[in-house]
Every structure is written in structure tokens, then in C-alpha cells.
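Enquirer: Sharing a structure, written as C-alpha cells. Questions coming.
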Amino acid sequence: MHRTAVVGTALATATAAALVAGCRPGEATVNGRGQERPQARASTSAPARETPPRPQRTYTHKAKPKRVAVRPPRATAPPAPRRTAPRVAPPVIPFGTSGDRVRELQARLRALGLFHRNPTGYFGTITQASVSAYQRGHGLAATGSVSRRTWASLRSATKTPTRDELYPPTTLPLAKPDPRCLTGRVLCISKTSRTLAWMVNGRVVSAMDVRFGSEYTPTREGLFQVNFKSRDHVSTIYHTPMPYAMFFSGGQAVHYSADFAARGYSGASHGCVNVRDKKKIAALFDRVKAGDKVVVYK
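Position 88 (the sequence shown) corresponds to 88 in full-length UniProt numbering; numbering is contiguous.
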């Protein structure tokens with residue numbers, strides 16, 4: 001009985017200790033040897049944490065992007081560099097223009113024997129051809145255009161033209177005078193240059209443009225002299241005015257022609273020597289005397 005009391009006292013003590021520790025009855029078992037075996041329990045060192053619920057995911061259907069086959073670019077040669085024409089400076093004296101600078105150009109070309117007429121002040125095809133001839137003879141590109149280089153070269157090769165060279169009295173240069181014109185007072189008339197030069201002892205005093213008779217009424221050539229003068233003469237054959245007439249061979253005379261002044265070389269006389277500058281022939285009429293020589297030559 002003493003042993004039974006001891007066992008009961010031990011059980012009571014163990015039960016009280018378990019209650020103090022927070023255990024509940026029935027959480028311990030007795031093993032085969034009459035000893036208790038503790039059950040596994042959660043730790044009481046920290047309160048249990050509440051795990052929040054996981055948020056629910058909503059799924060939406062997304063269309064898959066359509067795959068497009070991308071072809072690799074073809075290998076191409078790089079573009080050729082763009083060629084631009086070199087900039088050409090504008091000409092110093094443009095083609096088709098008129099003015100004093102054109103006269104200077106023509107006078108300088110004439111001094112070199114490249115412009116075979118007197119300066120007109122107009123840059124046309126004849127002047128262009130003369131410029132090309134100069135360029136070929138001086139190692140320049142024969143363009144016929146007066147570039148700065150061409151103009152500088154021409155100016156260095158010629159002297160500055162005089163006023164008479166810039167503004168000559170005749171359209172064509174005076175021809176080389178006939179030897180018969182080099183002495184005395186002479187009306188020296190050239191059919192080649194279509195000019196009349198009033199010369200005194202070999203010096204040209206004045207000059208003017210003239211025209212001659214047609215193929216059927218030619219102007220006679222040779223050495224003559226002034227027979228008589230008539231300021232307001234009218235032809236008795238053709239009944240046309242012949243102002244400032246100076247007769248030298250029968251009915252042929254040097255005189256002013258309004259038709260020549262109006263039509264130029266598109267017309268012809270009936271054998272007379274026509275002058276188209278009225279002021280010049282009027283001044284010449286006052287100087288010439290009867291008996292002065294008249295030389296008509298080719």
C-alpha cells in the first residue's frame with residue numbers, strides 16, 4: 001500500500017506541473033514502463049502569425065502578335081557620289097550686249113588684226129568669232145566668251161584704244177590708200193572698204209561711208225578731178241535730189257543720199273558715190289574745190 005500511495009502522489013504532482021506549463025490533460029502518454037512520453041506541440045515562445053490570403057489572379061486572354069517574316073535587306077552597292085558641274089563665272093562682256101566696253105573689245109581685237117571692221121559697239125557672231133581666234137592663239141579655251149582670264153590677257157596684249165579707234169568715222173576700216181592719194185588734195189575712194197577719205201598731202205582729214213553703182217550702172221574707176229559743185233542739185237535723168245553734189249566723171253558725182261541713209265547697203269546708186277552722213281558731206285562740200293583730185297580704186 002505504501003508503494004501505491006507513492007505512485008498516486010507522483011501522478012498528481014505531474015498533472016499539476018502540466019497544468020502550470022499550459023498543457024492540457026491527455027497530451028502525455030505513458031510508455032510501456034509506466035513513464036510519460038510528451039507529445040509534439042507548438043512552441044509558445046511567440047504568438048502564431050496570421051497568414052493573409054493570397055490575392056486571386058484574374059487572367060485575360062491576350063491575342064498573340066502575328067509574326068511577320070522579316071527579310072534581311074538585300075546587299076546593294078552604295079550610291080555613286082553626285083557629280084555637280086563646276087560653277088562657271090559669268091562673262092565680263094556677255095554675248096548680245098552693246099556698249100562702250102564692247103567697242104573697246106573690238107578695238108583691241110582690231111589692233112591685233114582679228115576684227116576686220118571698225119568697232120560697232122555690238123557683241124554679235126563676228127565679234128564672237130574674233131574672240132575665239134584670239135583664244136586659240138593664246139592658249140585659252142576657244143569658247144568665244146570673254147571670261148575674266150581672256151579679258152585680262154587681251155588687255156595686257158594691246159594698248160588702250162584712242163577715241164578715234166573706239167569711234168571711227170566709217171563702218172569698215174579705211175583701206176590702204178592708193179599711191180595716187182598720197183600727194184595733194186584728194187578724194188580717195190576705195191571700193192573694197194567702201195570708204196571715202198579726204199586727204200591732204202597724204203594725211204587723212206576726214207572719212208565717211210560710201211556706196212557705189214549697181215552691176216548695171218557701175219561707178220567708174222580711175223583718176224579724175226572735181227569738175228563742178230552743186231549744193232542743191234536734182235538729177236535731170238532720174239529726177240531725184242543730189243544734195244552737195246561734186247561731179248568728177250560726166251554725170252557721176254559724190255553726193256548725199258537719203259536712200260543710203262535709210263536703207264544702207266541694201267541699195268545702190270546709178271553710178272554716183274553716195275554718202276549717208278549728211279553733216280560730213282556738207283562739211284566736205286565746203287572744203288573741196290574744183291580741180292581737186294578724185295581717185296576711185298578697188
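Ideal placement from N, C-alpha and C gives every residue a C-beta, glycine not left out.
For residue 97, is the beta carbon positioned less than 7 Å from some heavy atom of the ligand PLP?
Expert: Of the ligands one can find in the structure shown there are none, so the ligand PLP has no counterpart to examine.
Enquirer: CA-CA distance, residue 278 and residue 226?
Expert: 19 Å
Enquirer: For the alpha helix (DSSP H) holding residue 156, just list the boundary residues, first then last.
Expert: Looking at the DSSP string, the run of the alpha helix (DSSP H) that includes residue 156 is 148–157.
Enquirer: Along the alpha helix (DSSP H) that carries residue 137, what are the first and last residues, could you check?
Expert: 125–137 is the span of the alpha helix (DSSP H), which, as asked, contains residue 137.
Enquirer: Taking the C-alpha atoms as reference points, what is the distance between residue 194 and residue 266?
Expert: Here the alpha carbons of residue 266 and residue 194 stand approximately 13 Å from one another.
Enquirer: Pull up the distance between the alpha-carbon of residue 109 and that of residue 77, whole angstroms please.
Expert: Near 54 Å, if we compare the C-alpha coordinates of residue 77 and residue 109.
Enquirer: Tell me the DSSP secondary structure of residue 245 in three-state form.
Expert: strand
Enquirer: Would you call the segment 220–238 in contact with the segment 202–212, where contact means no fewer than 3 C-beta pairs closer than 8 Å?
Expert: no
Enquirer: Mark residue 298 as exposed unless 16 or more other C-beta atoms lie within 10 angstroms of its C-beta, in which case mark it buried.
Expert: exposed
Enquirer: How big is the Cα-Cα spacing for residue 169 and residue 197?
Expert: 10 Å
Enquirer: Which residues bound the alpha helix (DSSP H) around residue 281?
Expert: 278–287
Enquirer: Check each candidate in 154, 275 and 248 and name the one with the smallest Cα separation from residue 261.
Expert: 275
Enquirer: The beta strand (DSSP E) that contains residue 262, what's its start and end?
Expert: Segment 258–263 is the alpha helix (DSSP H) holding residue 262; no beta strand (DSSP E) there.
Enquirer: Given this structure, state the Cα-to-Cα distance separating residue 119 from residue 106, to the nearest angstrom.
Expert: 5 Å
Enquirer: How far does the beta strand (DSSP E) with residue 196 in it reach, from first residue to last?
Expert: Annotation: the continuous beta strand (DSSP E) that includes residue 196 extends over 195–200.
Enquirer: Should residue 99 and residue 124 be called a contact, given that it needs their Cβ atoms to be closer than 8 Å?
Expert: No, Cβ-Cβ distance for residue 99 and residue 124 is not below 8 Å.
Enquirer: Secondary structure at residue 290, three-state DSSP: helix, strand or coil?
Expert: coil
Enquirer: Would you list the one or two residues that DSSP bridges to residue 272?
Expert: DSSP lists no partner for residue 272.
Enquirer: What does the Cβ neighbour count give for residue 209, buried or exposed, with the cut at 16 atoms within 10 Å?
Expert: buried
Enquirer: Can you check DSSP and say which residues form a bridge with residue 122?
Expert: 98
Enquirer: Report the residue from 188, 163 and 91 whose alpha carbon sits nearest the alpha carbon of residue 145.
Expert: 91
Enquirer: In terms of residue numbering, what span does the beta strand (DSSP E) encompassing residue 223 cover?
Expert: 222–225
Enquirer: DSSP on residue 145, reduced to helix/strand/coil?
Expert: Residue 145 falls in the coil class under three-state DSSP.
Enquirer: By the three-class DSSP mapping on this structure, what secondary structure does residue 45 have?
Expert: For residue 45, the predicted model reports a pLDDT of 46, less than 50, meaning its position is unreliable and no value from the coordinates is stated.
Enquirer: Exposed or buried, residue 136, counting other C-beta atoms within 10 Å across all chains shown (16 or more means buried)?
Expert: exposed
Enquirer: In the DSSP assignment, find the beta strand (DSSP E) that holds residue 209 and state where it starts and stops.
Expert: 203–211
Enquirer: Relative to the C-alpha of residue 224, which candidate in 253, 88, 167 and 157 has its C-alpha closest?
Expert: 253
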